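Read the structure below first, then the notes.
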Amino acid sequence: MSNLNKTERARGRPADMPSGELQENLLDAAEQLFAEKGFAATSIRELADAAGVNPALVHYYFGSKKKLLIAVMDRALMPIAKRIGELKESGGASAANFASLFFEMATVHPAMPKLVVREVMMSAGDMRELFVQKYAPRLGGALPGLLAREQRLGRINPALATPNAALMLLSLCVFPFIARPVAEPGMGIDYSEAGLVGYLEQVQLLLDKGMRP
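According to the working numbering, the sequence shown is numbered sequentially starting from 8.
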């Protein structure tokens with residue numbers, strides 16, 4: 008057994024769990040707990056218990072609780088930022104494509120919208136500054152310019168103010184996941200896989216008809 012394996016086992020790594028799977032478990036637990044309880048109120052012990060590992064592994068793999076939070080955001084948001092960049096390069100930056108990307112992120116990481124609201128929108132501090140500098144320019148911040156290009160190409164109604172249109176697009180795709188505790192029982196919104204697919208189709212139809220010149 009290598010020294011690395013000995014160290015990992017000594018710090019509490021389950022012998023039968025690959026390190027990649029273990030890190031994913033920690034990220035999953037952190038995403039859920041940070042969204043439900045908040046970053047400050049979630050202890051490393053709680054994170055470790057939820058992931059089924061020794062608390063020392065949080066530091067071993069991520070360095071600190073704050074770095075774990077950043078890793079959670081990176082996992083959910085950076086792939087979307089990359090794909091927005093690809094759409095920009097390919098010329099396929101339609102409103103429907105944008106909606107699909109953001110909706111996909113929120114479907115795969117349903118706790119992420121709530122986490123961002125809690126730790127970025129409602130809490131002025133380091134995470135808001137980090138979000139504004141690192142994520143926002145490549146996500147929502149990229150949309151007004153891309154939508155403006157679609158206007159110049161005659162694909163989007165020229166009367167639309169693109170910053171407002173970008174905000175509305177994001178709201179259509181992300182807010183349903185924030186509103187679920189009320190929307191599901193109070194409005195009868197279907198959050199099953201089939202229901203969410205149907206919702207996305209309706210959003211895309213609304214964007215296509217509403218933004219067309």
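Where is the CB? At the ideal position from N, CA and C, for every residue including glycine.
All values reported here derive from a predicted model rather than from experimental measurement.
Close-in-space but distant-in-sequence residues of the same chain around residue i (CB under 7 Å, 5 per side omitted)
| i | result |
| --- | --- |
| Thr49 | Leu40 and Phe41 |
| Thr14 | Note on Thr14: pLDDT 41, under 50, position unreliable in the model; no value is reported. |
| Gly161 | Pro220 |
| Arg82 | Leu34 |
| Arg18 | Confidence is the limiting factor: at Arg18 the pLDDT is only 44, short of 50, which leaves the residue's position unreliable, though a coordinate-based value still follows. Same-chain partners within the cutoff: Asn61, Ala63, Leu64 and Tyr67. |
| Glu191 | Tyr198 |
Short Cβ contact (8 Å threshold) for residue i with residue j
| i | j | result |
| --- | --- | --- |
| Ala166 | Pro151 | no |
| Asp219 | Asn164 | The residue asked about is misnamed: residue 219 is Arg in this sequence, not Asp. Result yes, Cβ atoms of Arg219 and Asn164 sit closer than 8 Å. |
| Tyr68 | Leu33 | yes |
| Ile77 | Phe109 | no |
| Gly91 | Arg145 | Gly is not the amino acid found at residue 91; the sequence shown has Ile there. Going by C-beta atoms, Ile91 is nearer than 8 Å to Arg145. |
| Val79 | Ala37 | yes |
| Leu153 | Lys95 | yes |
| Leu72 | Ile51 | In the sequence under discussion, the amino acid at residue 72 is Lys, which differs from the Leu named in the question. Contact flag set, yes. |
Spatial neighbours of residue i in its chain, beta-carbon cut-off 6 Å, leaving aside the 5 residues before and after
| i | result |
| --- | --- |
| Ala113 | Pro120, Val181 and Phe184 |
| Leu207 | Phe110 |
| Met134 | Glu126 and Val127 |
| Pro117 | Phe184 |
| Gly45 | Arg125 |
| Val210 | Ala106 and Leu179 |
Residues near residue i by beta carbon distance below 8 Å, same chain, minus five either side
| i | result |
| --- | --- |
| Leu214 | Ala102, Ala103, Ala106, Leu176 and Leu179 |
Requested in this report: May I ask you to verify whether the stretch 136 to 143 touches the stretch 200 to 213, counting CB pairs closer than 8 Å and requiring at least 3?
Outcome: no
Requested in this report: Run through the stretch 49 to 80 for me and flag every whole alpha helix (DSSP H) of 4 or more residues, listed as ranges in chain order.
Outcome: 51 to 58 and 63 to 69
Query - Complete runs of the beta strand (DSSP E) confined to the stretch 88 to 118 [at least 3 residues] - result: none
**Report entry** Complete alpha helix (DSSP H) runs within the stretch 113 to 196 (minimum length 4 residues, chain order)
**Finding:** 119 to 123, 133 to 137, 150 to 159, 169 to 185 and 187 to 194
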